Amino acid sequence: MTTMTNRQWLLSRRPEGAVKPDDFRLEGGPVPVPDDGDVLVRTLYFGYDASQRIWLTENGGYMKPIGIGEPMRCMGIGQVVESRLPGYAPGDLVEGFLAWQDYVIARADGPMPLRKLPNSSYPVSWNLGIFGVGGLTAYFGVVEGLKVRAGDTVVISAATGATGYVAGAIAKILGAKKVIGIAGGPEKCRWVIEKAGFDACIDYKSDDIGARLQELAPEGVNAYFDNVGGPMLETLLYAMAPLGRVLICGAMSTGYTDAFKDPGPKNYMLICTKQLTMQGILLFFHADRIPQGAQQLGQWVAEGKLPVFEHVVDGFEHAPALLPTLFSGKEPGKLLLKVADPQ
Ligand SMILES: NC(=O)c1ccc[n+]([C@@H]2O[C@H](COP(=O)([O-])OP(=O)(O)OC[C@H]3O[C@@H](n4cnc5c(N)ncnc54)[C@H](OP(=O)(O)O)[C@@H]3O)[C@@H](O)[C@H]2O)c1
């Protein structure tokens, strides 16, 4: 076992600004040997999440920072090669915290325990997208965070993203009167309406967002799913209806070079004067109910109410180059890197 090659993308220096490919270096090493409680996993898919940029900062944000010389952490799908953990057996497909390596030691503890994947007729990669972080955050965020109900006008930023497009579809399922997306460029806006099924889309790169919201939601926005933060959040606070709800899911506009240093919205007193509710979401807090969320999402997909979009790139060598595209522009839906087929 230890003679097998294990390719690894290691952090070579702490990135400044946007991640550059040479912030990582490719090395080979022995396949790690599992200890009691460990599972040796052969990686199949790497998922791309903007939060990976936060883990590359000095303080790591809400998780342990990736150290210089350490492999890059990711959410991923793999296949168990060897198990010293009851309940996991060679051949099982699993999803959870893995890393940009061919072989990873994984454990069942931590904020997102290693999840054994059910046998299914749908593609295994869907467990990182629609049934993974994006889909599940959209589910808990729209249903329990925003509590979207019939008649609501809902706005979703980063509407082509893995979370945003699902959030919009769920809002429609729950009976929202109007679902408005925000995306970058006319082509992406067209996608948001024609493919993801939103009622309207605002182009944040060329439209006056405040003016467009006045046209599209003259009576105000009841629920805002915020993936972007910054000035866009301030514009939305002006556009909210009294008693509106705002869910803080992400802050793409910060670039996540230090997500915790940016000041909050200048006009936060609107939360008082409109009696808005502002709440955060972190999927970790819902980890024990992931099977429930995935089951409901699966039912909606099977009923044809929820579309599935993913963009899969092939090849281990591309791992670092894809990460900055989350911030600079990528295809709609969940971005994944396929590194191997199951055996
Ligand atoms: N709290 C949680 O538990 C949780 C879980 C999942 C995701 N999130 C957060 O949700 C957000 C979206 O993640 P995702 O996985 O859905 O998206 P994604 O698939 O990674 O795509 C990135 C999205 O961000 C948009 N974007 C990038 N830079 C932007 C900017 N400066 N201004 C406006 N939009 C920008 C892109 O839109 P364009 O292509 O249109 O520019 C794209 O839709 C992220 O902030 C992420 O951290 C949080």
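All residue numbers for the sequence shown refer to my numbering, where the first residue is 210 and numbers rise by one.
Just so you know, even glycine gets a beta-carbon here, dropped at the ideal spot from N, CA and C.
Nothing here was measured: the structure is a model prediction, and the numbers come from that model.
Take the Cβ of residue i as the centre, count every other Cβ of all protein chains shown within 10 Å, and call the residue buried at 16 or more, exposed below.
| i | result |
| --- | --- |
| Pro327 | exposed |
| Gly217 | Reading off the sequence, residue 217 comes out as Gln, not Gly. Result: buried. |
| Glu519 | buried |
| Asp258 | buried |
| Met478 | exposed |
| Arg358 | exposed |
| Ile277 | exposed |
| Gln484 | exposed |
| Leu492 | buried |
| Tyr465 | buried |
Taking residue i and residue j to be in contact with their CB atoms under 8 Å, please state how far apart those CB atoms are, rounded to whole angstroms.
| i | j | result |
| --- | --- | --- |
| Met461 | Ala367 | 6 Å |
| Tyr312 | Val303 | Contact flag wrong, Cβ pair sits at about 13 Å. |
| Pro274 | Trp264 | 6 Å |
| Ile337 | Lys543 | For the record, residue 337 in the displayed sequence is Leu; it is not Ile. About 6 Å separates the two Cβ atoms, so the contact holds. |
| Val342 | Ile379 | No, Val342 and Ile379 are not in contact; Cβ-Cβ is about 15 Å, not under 8 Å. |
| Ile339 | Leu506 | 6 Å |
Any heavy atom of ligand 1 inside 7 Å of the beta-carbon of residue i?
| i | result |
| --- | --- |
| Asn268 | no |
| Ser462 | yes |
| Phe434 | no |
| Leu491 | yes |
| Lys470 | no |
| Phe525 | no |
| Ser366 | yes |
| Thr346 | yes |
| Phe255 | no |
| Val437 | yes |
| Val342 | yes |
| Thr369 | yes |
| Thr372 | yes |
| Gly538 | yes |
| Tyr271 | no |
Taking only three categories from DSSP, how would you classify residue i?
| i | result |
| --- | --- |
| Ser334 | helix |
| Ile480 | helix |
| Val357 | coil |
| Met210 | Because the pLDDT at Met210 is just 42, under 50, the model does not fix this residue reliably, and the value given afterwards should be weighed accordingly. Three-state DSSP puts Met210 in coil, outside helix and strand. |
| Pro395 | helix |
| Pro451 | strand |
| Arg498 | helix |
| Tyr257 | coil |
| Tyr348 | helix |
| Lys273 | coil |
| Trp264 | helix |
| Gly473 | coil |
| Ser329 | coil |
| Thr463 | helix |
| Arg421 | helix |
| Asp232 | helix |
| Ser221 | coil |
Please confirm whether residue i has its beta-carbon closer than 8 Å to some beta-carbon of chain C.
| i | result |
| --- | --- |
| Ala432 | Among the chains of the structure shown, chain C does not appear; only one protein chain is present. |
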